[in-house]
Every structure is written in C-alpha cells, then in structure tokens.
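Here is the structure we will look at, set down as structure tokens.
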Amino acid sequence: DDDDDDDDDKFTSLRSTKRARLRSLVWRRVCCAALGAAMSRVPSDTALAGVAPRAGVVLGAGGEAKSEAIRFLTYNVWFNLQVAPTTRMRALVAEVRQARPDVLALQELTPELLELLRQPLAKIGLEHMHVQPTADYGAPYFCALASRVPMEKKDYLDFPSSAMGRGLVVGELLLGGQKTVVGTAHLESPNPPSNWFSDARKDQMRVSLETLDEMARTRGCAALFMGDMNWNERNDGQVSLPGGWTDAWRELRPKDAGYTYDAKRNGM
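Heads up: the sequence shown begins at 779 in the working numbering, then just goes up one per residue.
Have a look at this one:
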C-alpha cells in the first residue's frame, strides 16, 4: 500500500486460504467485458455506469439513458524502461486528462514508471492510489488503482494459479452516491508452454469475479472489475459469463468491436 494518507488497518490481504470458500459463492448481477474494459455488479435498483475511455452513458434501472456517467479507464502502460518511458508516460497522462476518468486502473507499472506518473496524475485529480504490494514476490511489474475520491478500504488477493506474481487489487469507494468496490488485475500472459497459460487465466478470471461478488454482497455495494485480461478466443475460447453477467462494452457499444491494440500501426 503506497498511499501514505491511509492507515495501514484499511488494507486487507486476502490470501489463498480463502480460495475454497470463494469458489462456492453464487454469481450475482454483474456487467463484464472480456478485454481491457470492465465488469460491474450493481443492485437491481441502481443505475449501471457505462465504461468508456472518452464518453460515457448511464443506463437507468429501466434502461433509459442519462446524461452523466461515472467514468472508468484501464491502461497497460508497458513496463519496458528502454523505450522512451518519460515520453510515453507524459502521453499517457495527456490521454487520461482528456478521458477524465473517476477511477483509473494501470497494469505493468514498475517503480520507475509509478514515480513518473504519481504526481502528474494527482495534479489532474487522481490523487488517491492503491498499489499492488510486491514484497512477497519478484514480479517485474504490478497493478494499481488511482481515483478522484478516497478509498475507504483496500484489499489485495494473490492469484494461487499465477506463475507471474499476478493478483487482484481492490479499492472501495463512494462513486455517484453508490458505494462500489473496484478491482483491477493483469491476468496471466499468453506465453508458452502450458497451453499459453489459458487455464491460469480462466481460473484468475473466475476467482476475481467471485471475490468481488462476495465483497459486493457482504458490504451491500456495487462492484466493478477492469484490467488487462490477455484473453484470446483462439486459445481461451469464448468468455463464459455466469448468469446475470453482461459484457459492458457490447451493452453500451454494440456496433464497436472494442479493439484495444492496433498491431499494424504499432509493431512493438
């Protein structure tokens, strides 16, 4: 936990001992996107906030459109420090400023990149951060949440299936009058062997949603999950959404495929 403004007792570490219990939870009303977007669980009488980097839509309980939205943005910043890190982080902050998210999720942060981002993000209002703890493993990069409002609680869950030090970072916030738990993760990267870690990704997706669902149910709040899912239908199959879950991107932008990376323009 790198947010000095919050007491240590607000941080809760959820370890793998809870995994068996979490597996037995019942799926609840959640809105989900498979790649680089968000999943959210909302009470039936609560508006569903649209997830979009530049424009938002709120669907009311009856499906009516409203003019304002709580904005969520997720970015994999690319951990490589050999390729113009200062220039890239400046460009990222400019994109974030234009998008005006209420909550920002970041993946592949390094200590150096976090140092480049923390103060500029605070200047544009994203001053409250929850950074994935890294003391327990030697992962080269990590995830974080940044928000405009304080996080009342902070949680972290190690993924038992991860060979790459991956986990779920969660913050509880009051957004638009609705208490919400927001989580981010970077699911296992598709590297050989072991079937490109497809089984690990599927397990991490399930564990993340079950964990957030339990938090939402026991705390009486909404929940949202966003991040880098590393999902490839050719290896992982179609995302199997439990009953009550909806793909947020498809719900709000049914005619937009929602591609998050242009391999022709950026060979990287």
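Ideal Cβ placement from N, Cα and C applies to all residues, glycine included.
Values in this document were obtained by computation on a predicted structure and should not be read as measured data.
Secondary structure of residue i, DSSP reduced to three states
i: residue 981; result: helix
i: residue 855; result: coil
i: residue 910; result: coil
i: residue 937; result: coil
i: residue 960; result: strand
i: residue 1016; result: coil
i: residue 930; result: coil
i: residue 925; result: strand
i: residue 942; result: coil
i: residue 917; result: coil
i: residue 994; result: helix
i: residue 1002; result: strand
Given residue i as reference, the closest of the options once Cα atoms are compared
i: residue 924; options: 878, 1036, 1040 and 978; result: 878
i: residue 922; options: 930, 895, 1039 and 869; result: 895
i: residue 1065; options: 949, 965, 897 and 861; result: The structure shown does not extend to residue 1065, since the chain is modelled only from 779 through 1046, so no value can be given for it.
i: residue 1124; options: 890, 884 and 911; result: The first residue shown for the chain is 779 and the last is 1046, placing residue 1124 beyond what the model contains.
i: residue 966; options: 912, 1041, 917 and 957; result: 917
i: residue 998; options: 910, 935, 1009 and 958; result: 958
i: residue 954; options: 964, 891, 1030 and 1000; result: 1000
i: residue 853; options: 888, 882 and 1009; result: 882
i: residue 947; options: 1004, 889 and 855; result: 1004
i: residue 960; options: 1025, 1031, 1016 and 880; result: 880
Residue i - containing alpha helix (DSSP H), residue span
i: residue 904; result: Here residue 904 belongs to no alpha helix (DSSP H), and DSSP marks it neither H nor E.
i: residue 873; result: 863–877
Beta strand (DSSP E) segment containing residue i, residue limits
i: residue 1010; result: Element bounds for residue 1010: n/a, residue is neither H nor E.
i: residue 1029; result: From DSSP, residue 1029 is part of no beta strand (DSSP E) but of the alpha helix (DSSP H) over 1026–1030.
i: residue 951; result: 945–953
i: residue 886; result: 881–887
Cβ neighbour criterion (16 or more within 10 Å) applied to residue i
i: residue 1033; result: exposed
i: residue 933; result: buried
i: residue 985; result: buried
i: residue 1039; result: exposed
i: residue 1055; result: Only positions 779 to 1046 of the chain appear in this structure, which leaves residue 1055 out of reach.
i: residue 1014; result: buried
i: residue 982; result: buried
i: residue 874; result: buried
i: residue 1006; result: buried
i: residue 977; result: exposed
i: residue 996; result: exposed
i: residue 861; result: exposed
i: residue 1043; result: exposed
i: residue 919; result: buried
i: residue 1045; result: exposed
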